[in-house]
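A.B. asks: Got a structure for you, questions after.
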Amino acid sequence: MGSKSPRGEFAARQLAKKRKNFRWSDRYFNRRMLRLDEKVDPMQG
981 MGSKSPRGEF AARQLAKKRK NFRWSDRYFN RRMLRLDEKV DPMQG
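Counting in my numbering, the sequence shown runs from 981 upward without gaps.
Written out as structure tokens, the structure reads:
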């Protein structure tokens, strides 16, 4: 059985790409990056 994540000396690019994609499933990261809380704030603060 192999592991799901890339391993080894040359796996850095694949790991970074995978991590970058999975960050978007984090609700708080998503709202922060899309600046949703600032857009809907009536006081614009």
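Just so you know, even glycine gets a beta-carbon here, dropped at the ideal spot from N, CA and C.
None of the values given here were measured: they were computed from a predicted structure.
So what does DSSP say about K1019, is it helix, strand or coil?
C.D. replies: Walking along the sequence shown from the start, residue 1019 turns up at place 39. The answer is helix: DSSP assigns K1019 an H, G or I state.
A.B. asks: By Cβ distance, which residues of its chain are closer than 6 angstroms to E1018, with the 5 residues on each side in sequence left out?
C.D. replies: Within the sequence shown, numbered from 1, the residue matching residue 1018 stands at position 38. So no residue of the chain qualifies.
A.B. asks: Kindly indicate which three-state DSSP category L995 falls into: helix, strand or coil?
C.D. replies: As a first step, residue 995 is located in the sequence shown; it is residue number 15 there, counting from the start. Three-state DSSP puts L995 in a helix.
A.B. asks: If you run the structure through DSSP and keep just helix, strand and coil, what is F1009?
C.D. replies: In the sequence shown, residue 1009 corresponds to position 29, counting from 1. DSSP, read as helix, strand or coil, puts F1009 in helix.
A.B. asks: State the Cα-Cα distance for the pair W1004 and N1010, rounded to the nearest angstrom.
C.D. replies: As a working note, residue 1004 is residue 24 in the sequence shown. As a working note, residue 1010 is residue 30 in the sequence shown. Their Cα atoms are separated by approximately 5 angstroms.
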